Amino acid sequence: MADTVLEVRNLKVAFPCPGGVIRAVEGIDLDIHRGECAALVGESGCGKSVSALAIMKLLNTPPAVCRVDKLWLDDLDLTHLPDRQMERIRGKHMAMIFQDAMTALNPVMTVGKQIDEIYLRHSRLSRREARQRTIEALELVEVPEARSRANSYPHQLSGGMRQRVLIALAFACVPKLIIADEPTTALDVTIQAQVLDVLKNMQRVHRVSALLITHDLSVVANMADTVYVMYAGKIVERAAMQEIFLEPLHPYTHGLLASVPRISDERQPFVQIPDAVPHPMRKPTGCYFHPRCPRSNDPCRQRMPRLEGPDDGRAVRCWHPLRQPHEVRS
Amino acid sequence: MTRNSPDPQPLLEMENVSVDFPVKGPYPFSKKCWIQAVTDVSLEVSEGETFGIVGESGCGKTTLANAMIGMVRPTAGTVRFQGVDLYALNPKAFKEARREMQMIFQDPFSSLNPRFSVYEIIREPLYIRGQASETVMKGKVLELLKLVGLDEEDMYRYPSDFSGGQRQRIGIARSIILNPRFLVCDEPVSALDVSVHAQILNLLMDIQKSRHLTYVFVSHNLAVVKNICQNMVVMYLGMIMESGSSDAIFANPLHPYTKALLSAVLDIDVTKPRDRILLKGDTPSPIDPPAGCRFWQRCPSAMKGCRTVPAKLVEVEPDHQVACHLISGFSAQQVADSLHEPVSPKSGG
Amino acid sequence: MKRSYVIQRILYAVFIFFVVLTLNFFIPRIGVHDPAERYYPPQGGMSTIEYEIIKQFTREQYGFDVSAFQQYVRYLQGLLRLDLGTSLRSGSPKVTALIAQRLPWTLVLSVSTLVISLFAGLLFGTVAAWKRGRWQDTLLLNASTVSVALPSFFIALMLSFYLGFRLELFPAYTNPNMVAQFDWSWDAIRMVFTNAALPIMSMSLGGIIGYSQITRNSVIAVTNEDYVVTARAKGLPQATVLYKHVLRNALLPLATSIGMNIGGLIGGAIIIEQVFNWQGMGTLFLEANSTKDYPLMMGIMLFLSAFAILANLVTELLYVILDPRVTVGDKR
Amino acid sequence: MSRPNVLLQVAQRGGSLVTFVRKLWQHPQGRLGLILAGCLVLVAILAPILAPYDPYDVTQRAAKGLRPSWQHPLGTTTTTGQDIFSMLIYGSRVSLMIGIGTGVALAFLGALMGVMAGYLGGFVDNLIVRVVDIMLVIPTLPLIIVLTSLLGRSYFVIVLVFVIFGWTGLARVIRSLVLVLKNSNYVKAAELAGASRWYIMTKHILPGTSHLIIMNTALTSAGIMVAEAGLSFLGLGDPTAISWGKMLAEAQGGGALLFGAWWWIIAPGIGIFLSVFSFMRIGIVMEEVFNPRMKASSSIYKLFKHLNNTYLDEVFRSMEEEESVVREPPDRSDAPTPEGCHG
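Protein chains in written order, with our numbering: chain Y, 120 to 449; chain C, 1193 to 1541; chain U, 148 to 479; chain H, 337 to 679.
Below you can see the structure in the form of structure tokens.
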């Protein structure tokens, strides 16, 4: 499809370690359209951050081993692209926002210099021009007194400001795709709201496609157009944002949504999913969710279901979904 | 809900409690500064209720919780537990009084000694008190393991064998083995996976019911607090901004900070659009908090007087107090004073 | 903020120096109360009065004629004039003069050792970290365990034996005329360096491997930091990432260890100087020790301590420039 | 997990010396260190039985400067004709005695100071930290030389001086670890339950630092052996005993270099090397075993060298959807052509 900015087919990542192999990502497919924000939702250890790094080709090998059948960014085939050429694409055509800005920024370099670097690398600008652009970029993400803030070190900025710097960094070259890995998790709620607002504006204004990686359903509700729900290395459900909140099909998604307490909620007890996420080295046979699933029966214990549904619409990986995907298709 | 009318004597009572921490540099010649973690907080927790403390990081909520159970000595003010001034007790009586109060920690990974088996961890409080025989302790630990949903076999495992949720269960078992009446839960679920939150919260509430416990629940998640707490305080930079019954506060939030906090909680109700109040700027440092109302720099409706006149908690309706000049207004004297005082040219944000 | 930190550091260094010099003054007095008794036993044919006169003279000469506290005050006054006291050697030379005479020769050894081990260590350490798990890394690991287990003087002896006596590449012993004949001519300088070659080699070997190990570990630690991933995500080439983001941060722990080592470097030269009979501070110290010349020994000790304090202070102040975060510690 | 498995895990925990030794034994390098150290201790104890000649016998004028032979496995000295092999065996006594003795004493003092500074805090902490700062700048070797010349050259004095001036390193490390442990929530929980300082110190803090203490004992013992050899080499050791450092000094003084008597230099060198090496190994392996992050990462790199592709292919194939051929139209069945992707 011409409108697809990111196309990932069958991405797999494994971490061999002394006790066996951690199967972190087990063949995920993603399609992100132009200007769209797709969210990859899951709990810790489900492989969502690893997928993001794998798409950026930033995973260190060793310790990771990574295979993918198809990885296209717009009209660029990145599937077998060598490292050297990948360097020209990162930062320019695809960029990443990391979770913890305190550790994601070099502590001994002024934030201005860290943004300058990206202009100096990807465009033929002089140092002075680069700094000018840096200041403009910082102003765009609503950093007050951008000119002087550019000369401060990361530790001199507040958490919210640091996260804005990361956003400015990612949008510097107006890439085709932004991958935001838990962009607001480390922040306080009021600051979180500010930063999400900035991120959303930047994405909409520049019409940049985004892959949002998060465990926080409320962030998804606020940002995403499409949602991929991941569980133990596999995508278990795919849907448009509204649909997934209104009518989740997978029992896991359903349980997750129900278990999150809401302001507009009736009182206790909370709906709960029993047990915990399986250890990535000891995943159960069959459907990975079956030990925690209220609907599981024999086939669930034996066979992993497929992600089924229309090519571009809702899909669910379950033997007993709450409803069949084609039934709910609007 | 267990009761509506306040007890004649609250279980825990704090009066004008302040906690300051000295910050010392690494060398003997460096200056000392003070962090004003909690300033002038008064509150009452009645028997059997769940009392919420809400605020963002650095607002002093954990320090306040620690001051309640005698882990941090307040610089000023009194803490009365069952009517007894906790910090006026002699060491022995203090130790005995604390038997009734326990704590559940935020991070289940650092709150269990990795060298201890689950049995050793859970029985530790009994062991320290030294009043029970090994068989008694074993029986007690078994009973608690069952209560928190773990197996008998888990007794001889080590914390590293458990997931975050299971570890938190172990922590809960340890905290109730002495049969306390008062339990402080310091963000008990924020370090856990989303799908485990509900399990732990339900477990806590079951235990509360079966053992008639009083909870102080510290959290940054308003939705959780709304659902489990009867009374609550909203804290900002070490001071209480709004307090009262959670029904009253959620039905009618009055303080601009509470409103902003509420609107910033991104509810997953996607059908109705909500207008969100975005606060400007960042939380100031507790080392040098702003004069006047602590919130004025970020307040969307700050007035001139807010910069100099501290706001006091006033009762606006039964079970609902707010510390905001928008509600209480300024007295004539305060207005007169603020006219003489030069307003600092620095604006907020 | 920064300035107050610098002032704090300097004040603290002065405080430590003061404590050290006080210790330095009192330590030799554990054993010696009166130099006259100790160094001038009655000799044959000397009358008691003569002997007492000589003793009194010695006491006055070495300042033992007053109470310990007054001696201490005098000692401090002397220090203000940069006077470390008088040696017990014949001719009563000033301690400072002796140190000044020997110091340059020790510096030749220690400065070259420092420079060589730093550069080589940085290079090897970075390579080992970059080629992690491959033979370069394994080699460094093995070399480091072997080199730590071999004392430097044993290495010196072996070098002296093979490169000096067997292969005759370098002088196995320092030429005794080197110091006396030194006249800044080209030949003299070359002679110094051929003579210094073996001592420097035996001293640097441990240093190179030590610094390599530190560099390797800190480069690996930094490589795992998030900001290195950020730098790569910006599309910076590997070399730029290594140079601008990894090495810069990896140097910080290295700077601390250099600061700590500089002080010990001169002290550590003692044994090597002895092996090659190099006329530096180390041999001066050993000479002082064999003649129980405490003023000289303590003078050297104080000088070395002061040097170590200064080196520590300089690195910590350098740190303020290298790492913008240092002052954060004050207000946490 | 089954019952025996659980019991095994119980056995693997705990902090006793036995478990440390067991863990070391399981590590090939650690085993090497243990065996070497054990042999050296045996040699030191059995020295009078093992040594073929009297090492103190300086009267063998006829046997001066002999090369290594069956009669004298490591030759004899060029000056007095002492048997070097016997000297080497006797030398181990000094080295090990000083090394282990000082190491243990140092560990005790260092741990005590570190725990006191970290746990008690306040004035005690301040005092100890200042003392450590001061000790750091005083040059150790010259100070030891001054003190031995003041107090006499017996081994007791040498050990004493080493202990008094060597505890700072361990104390610093222990102090920072104790600070972490002290603020951990499990200590807080124990405090809440009414634990005394003594209880927390003995049950939570000391066991938490035990691996560091044992590791440091091994490493400092190694360091002290080198330092002792250096002192003896400078002629500042106990003048009555035979030590490896002194052998080297005698070799140099006796013209071993000049006469090409390499065996006279190599033998004590090997002695020093082996003893230091064995203790270093034990210390380093200890660090690897107890610093899981370091252990994990180094073993992963080793693992990667031996990874073969067919195994990985197998892993990746196992991730494939097993039903793909049966249930799905062919657009997905062309998938399994795994290709490497290096990030």
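Built from N, CA and C at the ideal position, the CB exists for glycine as well.
Everything numeric in this text was worked out from a predicted model, so none of it was measured.
- Under the 10 Å beta carbon count, glutamate 197 of chain U is surrounded by fewer than 16 other beta carbons and is classified as exposed.
- At a cut-off of 8 angstroms between C-beta atoms, proline 1283 of chain C does not count as an interface residue with respect to chain H.
- DSSP, read as helix, strand or coil, puts leucine 197 of chain Y in coil.
- Annotation note: the stretch 1222 to 1253 of chain C contains the following uninterrupted beta strand (DSSP E) runs of length 3 or greater, listed N- to C-terminal: 1224 to 1237 and 1242 to 1246.
- Around the beta-carbon of aspartate 469 of chain H, 16 or more other beta-carbon atoms lie within 10 Å, marking it buried.
- Residue state for tryptophan 599 of chain H is assigned as helix, using DSSP reduced to three classes.
- In this structure the stretch 451 to 465 of chain H does not touch the stretch 588 to 598 of chain H; the number of beta carbon pairs closer than 8 angstroms is below three.
- Methionine 561 of chain H is not a Cβ neighbour of valine 295 of chain U, given a cutoff of 8 angstroms.
- Taking 8 angstroms as the threshold, the shortest C-beta distance from glycine 357 of chain U to chain H does not fall below it.
- Among the residues of chain U, none has a CB under 8 angstroms from the CB of alanine 373 of chain H; the nearest is roughly 13 angstroms distant.
- Here valine 562 of chain H carries a helix assignment [DSSP, helix/strand/coil].
- In this structure, leucine 378 of chain H keeps its C-beta atom at 8 angstroms or more from the C-beta atom of arginine 367 of chain H.
- For chain Y, the residues of the stretch 391 to 403 of chain U that bring a beta carbon within less than 7 angstroms of one of its beta carbons are His392, Arg395 and Asn396, in chain order.
- Any Cβ of chain H closer than 8 angstroms to the Cβ of lysine 402 of chain Y would place that residue at the interface, and such an atom is absent.
- Where glutamate 1312 of chain C is concerned, the enclosing alpha helix (DSSP H) starts and stops at 1310 to 1321.
- The Cβ neighbour count for tyrosine 1449 of chain C, taken over all protein chains shown within 10 Å, is at least 16; the residue is labelled buried.
- The beta carbon of glutamine 1422 of chain C lies closer than 7 angstroms to those of Met1193, Glu1241, Thr1242, Ser1437 and Ser1438 in the same chain, with the five residues before and after it left out.
- Per the Cβ contact rule, the stretch 292 to 302 of chain Y is in contact with the stretch 209 to 216 of chain Y (3 or more Cβ pairs under 8 angstroms).
- Assignment of phenylalanine 329 of chain U by DSSP, reduced to helix, strand and coil, places it in the coil class.
- When secondary structure is reduced to three states using DSSP, glutamate 623 of chain H falls in the helix class.
- Interface with chain Y (8 angstroms Cβ-Cβ cutoff): leucine 1471 of chain C is included.
- Residue environment: phenylalanine 1354 of chain C is assigned as buried (16 or more neighbouring CB atoms within 10 Å of its CB, all protein chains considered).
- Secondary structure at cysteine 185 of chain Y: strand, using DSSP grouped into helix, strand and coil.
- Look at the stretch 303 to 372 of chain Y and you find these whole runs of alpha helix (DSSP H), each 4 residues long or longer: 308 to 325, 336 to 342 and 360 to 365.
- Taking C-beta atoms as the reference points, serine 277 of chain Y and glycine 154 of chain Y fail to come closer than 8 angstroms.
- The beta-carbon separation of isoleucine 347 of chain U and serine 259 of chain U, rounded to 5 angstroms, stays under the 8 angstroms limit for a contact.
- Counting the other CB atoms within 10 Å of its CB gives valine 1386 of chain C a total of 16 or more, which places it among the buried residues.
- Of all residues in the stretch 181 to 210 of chain Y, those with a C-beta nearer than 9 angstroms to a C-beta of chain U are Pro181, Asp202, Arg203, Met205, Glu206, Arg207, Ile208, Arg209 and Gly210, reading in chain order.
- The contact set of serine 271 of chain Y on chain C, defined by CB atoms closer than 7 angstroms, is empty, because the minimum CB distance reaches about 14 angstroms.
- Assignment of beta-bridge partners to proline 135 of chain Y by DSSP yields Y:Val140.
- Close CB contacts of leucine 1414 of chain C within its chain, under the 7 angstroms cut and outside five residues either way in sequence, are with Val1246, Leu1453, Leu1454 and Val1457 (chain order).
- It is roughly 30 angstroms from the alpha-carbon of aspartate 230 of chain U to the alpha-carbon of valine 339 of chain U.
- Close to chain H, meaning a Cβ-Cβ distance shorter than 7 angstroms, are the following residues of the stretch 285 to 304 of chain U: Thr292, Val295, Ala296, Leu297, Pro298, Phe300, Phe301 and Leu304.
- Ranking U:Phe301, U:Gly311, U:Pro442 and U:Gly353 by CA distance to the CA of serine 568 of chain H puts U:Phe301 first.
- Residue-level contact by beta carbon holds for serine 485 of chain H and chain U, with a gap shorter than 8 angstroms.
- Taking 8 angstroms as the cut-off, the beta carbon of alanine 173 of chain Y is found closer than this to the beta carbon of cysteine 185 of chain Y.
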